[in-house]
Amino acid sequence: MQISGTLPSDERSSIIVAHGHRGVIQSSSFIQNSSPFFCTEPIMSLLRFDASGSINDDYGITQAQIDSLKGQMETLRTEMVETDQKQYDSGDIPADKQPLDARFFWLPEEMLEAYAKEREASELGRIFKVANGLHDQIDAAVVLGIGGSYMGARAMMEACCDPYHNEMSRAARGSKPRMYFEGNNVDNDASDSLLQRVRAGGYADSDAEKRHAIIVISKSGGTMETAVAFRQFLANLESELGPEAEDWLSRLVVPVTGESGKLHDLATEIGCDEIFTVPDGVGGRFSVLSPVGLVPAAFLGLDCMKLLEGAVAMNEHFKTADYADNVVMQYVAVNHLLSQHRDKSIRVMSVWSKALESVGLWYDQLLAESNGKDGKGVTPLTTLNTRDLHSRHQQHQQGRNDKVFNNVIVESQRTDSLAVGHSKRNQDTLNDIAEKTLPDIMAAAIKGTNDALHADGRPTTDIILPQIDTHVLGQLFQMLMIATVIEGRLLGINPYGQPGVEQYKTNMNKNLGR
């Protein structure tokens, strides 16, 4: 069973028109004055979901079981698409759903619509202005944040940038900054090494290569790891700027925070040129498509418009596609049924591209903190293949049978295929596959691994990405966030909030004598 879809468009162009909180995708071969978004690029496909590796009477689930969830899933879809929005807009949120961080769902449409109407005055326009204005002035950016405040940004960088981006020359990077991530731990040696790295500057002697920026992300500003790192990196930046600090500090510190709070107060004291806002109703782990993720993405020169348009496309698919053809609802149904009826308490996201490992780690946090409550929820785990076939696969295939493997497979690579190649030194005995390419070997490994897992009674599914770009990444982020909320409610829990995390913070402060 493979579920797929395409954006409704002709081959020449597409227009995305946002109406309030509800986005619709229309096709047109000409620009209409009323249409805020126009793209002349060809039709873009949605990602696909194939559950056939889990539909098996012996070790998986049945199609009848999947079909039996249709009514319940459609009710939950209506709740998310219509009820949540009405409750949020009216402020009439039931006590058992506090905090209701459901705004992430319609945020992509909101941001695109605001940009279409207000351009530079919109949040997205301000992000573009700051990022583009600093590209020629800095050579590095340090992103300070923890959990959802940095994991999405790191996932976007690793997915969409050259894997050796930070090692490339300034010219090869197109003047986009090197990017580093800290404030996500309290590791003394790692922090000290990064402080030294940014002090050393770039690889040449231009003024820009002597400067770096700090993007600090914390809704409250009270998270210990990020607050401590910001104090240290801010002092370092101010010292490095020396006499120029008065002119540059307010430009080189870029905060993303709440409309009030410790970080907002500190940014105001510094006089930061812009303070970007984590929107009300958007929780940290659901914030990747807000300024939390968009500010670092814009600094890297990634296509933020296509990222949001990909999320809009997934929203529209989720809202309109029939249950049997709906990638979000089918993904939730299959995985939920496997956990309930086959005791698959560990959910492995098996990514088959190095570029996607941090996407898997982002999803680990999203799923674990959202649905790991009240003694419920599965344990997420990310593996990177084929690497982890040589470290984890023995246990996964023949250890305890408590796992489902959700493969994330990329159909088309960005670069030309590398052949194995013929060699006069054939001691490795590879000349028989000399014409095969790395994608050929990867495809053989994916099929071979799935076949081996099935032979030992282990269920699999495939999430198939047509390629890795910001549009597809926007789809994937939105799909997994929606799926997490739907599954949480299917379990009868509130997928928002993180009561367990707050307890460790309280204890840590107590142990510090505060």
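Taking our numbering, the leading residue of the sequence shown gets 1, the next gets one more, and so forth. In this text, a Cβ means the ideal position worked out from N, Cα and C, and glycines have one as well.
Could you tell me the distance, in whole angstroms, from the CA atom of H471 to the CA atom of G152? To locate residue 471, count along the sequence shown from 1; it is residue 471. To locate residue 152, count along the sequence shown from 1; it is residue 152. Spanning the two alpha carbons is a distance of roughly 15 Å.
Short Cβ contact (8 Å threshold) for N236 with R197: By 1-based counting over the sequence shown, the position of residue 236 is 236. By 1-based counting over the sequence shown, the position of residue 197 is 197. No.
Going by C-alpha distance, which of S175, V501 and T506 is nearest G148? Counting from 1 along the sequence shown, the entry for residue 148 is found at position 148. It is V501.
Using a Cβ-Cβ cut-off of 6 Å (strictly less than) and excluding sequence neighbours within five positions of N166, which residues of its own chain qualify? Position 166 of the sequence shown, counted from the first residue, corresponds to residue 166. If we look at N166 and ignore the five residues flanking it on each side, its Cβ neighbours are R178.
Taking the alpha carbon of E225 as the point to measure from, which residue in A190, V254, D265 and L384 has its own alpha carbon closest? Looking up residue 225 in the sequence shown gives position 225. Of the candidates A190, V254, D265 and L384, the one whose C-alpha sits nearest the C-alpha of E225 is A190.
Contact under 8 Å by Cβ, L480 with L366: As a working note, residue 480 is residue 480 in the sequence shown. As a working note, residue 366 is residue 366 in the sequence shown. Yes, they are a contact pair.
Span of the alpha helix (DSSP H) around S520: For the chain, the structure presents residues 1 to 514; residue 520 sits outside this window and is missing.
Answer with buried or exposed for K515, where buried requires no fewer than 16 other C-beta atoms within 10 angstroms of its C-beta. Look at the range of the chain in this structure, 1 to 514, and you will see that residue 515 is not part of it.
Proximity winner among R392, V186 and R251, relative to D136 (alpha-carbon distances): Counting from 1 along the sequence shown, the entry for residue 136 is found at position 136. Checking every option, the nearest Cα to that of D136 belongs to R251.
So, do the stretch 262 to 270 and the stretch 96 to 110 have three or more beta carbon pairs nearer to each other than 8 Å? no
When DSSP labels each residue in this structure, what does Q365 get in the three-state scheme? Here residue 365 refers to the residue found at position 365 when the sequence shown is read from its first residue. It is helical.
Pop quiz: P459 and G53 are said to be a contact at Cβ under 8 Å. What is the actual Cβ separation, rounded to whole angstroms? Taking the first residue of the sequence shown as 1, we reach residue 459 at position 459. Taking the first residue of the sequence shown as 1, we reach residue 53 at position 53. Confirmed, about 6 Å.
Over the uninterrupted beta strand (DSSP E) stretch that includes K403, give me the two end residues. On the sequence shown, position 403 is the one that residue 403 refers to. Start and end: K403 to V410.
From L76 to F405, what does the alpha carbon distance come to, in whole angstroms? Residue mapping note: residue 76 aligns to position 76 of the sequence shown, counting from 1. Residue mapping note: residue 405 aligns to position 405 of the sequence shown, counting from 1. Approximately 25 Å, taken between the alpha carbons.
Tell me the rounded alpha-carbon separation between P439 and V408. Taking the first residue of the sequence shown as 1, we reach residue 439 at position 439. Taking the first residue of the sequence shown as 1, we reach residue 408 at position 408. Going by the C-alpha atoms only, they are around 15 Å apart.
Look up S239 in the DSSP assignment and say whether it is helix, strand or coil. Residue 239 sits at position 239 when you count from the first residue of the sequence shown. In the structure shown, S239 sits in a helix (DSSP, three-state: H, G or I).
Can you tell me whether T176 is buried or exposed, with buried defined as 16 or more other CB within 10 angstroms of its CB? Your numbering for residue 176 matches position 176 in the sequence shown. According to the sequence displayed, residue 176 carries Lys and not Thr. Buried, since its Cβ has 16 or more Cβ neighbours within 10 Å.
Residue(s) in a DSSP beta bridge with A419: Here the question's residue 419 lines up with position 419 in the sequence shown. Answer by DSSP bridge pairing, in chain order: T437.
Using a 10 Å radius around the Cβ and a threshold of 16 neighbouring Cβ atoms, would you call S45 buried or exposed? To locate residue 45, count along the sequence shown from 1; it is residue 45. Answer is buried; the Cβ neighbour count reaches 16.
Taking the beta carbon of K219 as the centre, do at least 16 other beta carbons fall within 10 Å, making it buried, or is it exposed? Mapped onto the sequence shown, residue 219 falls at position 219. Buried, by the Cβ-count rule.
For my contact list, L289 and P163 are in at a C-beta cut-off of 8 Å; report their separation, rounded to the angstrom. For the purposes of this step, residue 289 is taken as the residue at position 289 of the sequence shown. For the purposes of this step, residue 163 is taken as the residue at position 163 of the sequence shown. Their Cβ separation, rounded to whole angstroms, is 23 Å, which puts L289 and P163 out of contact at 8 Å.
Indicate the three-state DSSP secondary structure (helix, strand or coil) for A153 in the structure shown. Taking the sequence shown and counting its residues from 1, the one referred to as residue 153 is at position 153. The answer is helix: DSSP assigns A153 an H, G or I state.
How is A64 classed by DSSP in three states: helix, strand or coil? Translated into positions along the sequence shown, residue 64 becomes position 64. DSSP places A64 in helix when its eight states are reduced to three.
Cβ-based burial, L302 [other Cβ within 10 Å; buried from 16]: What you label residue 302 is simply residue 302 of the sequence shown in a count that begins at 1. Buried.
In chain order, what residues of the same chain have a beta carbon less than 6 Å from the beta carbon of L194, not counting five sequence neighbours either side? Translated into the one-based positions of the sequence shown, residue 194 becomes position 194. Y180 and E182, listed in sequence order.
Go through its chain and collect everything with a Cβ distance to A141's Cβ below 7 Å, but skip five positions before and after it. Indexing the sequence shown from 1 puts residue 141 at position 141. Once the five neighbours on either side are set aside, the close Cβ partners of A141 are P177, M179, H212, A213, I215 and F299.
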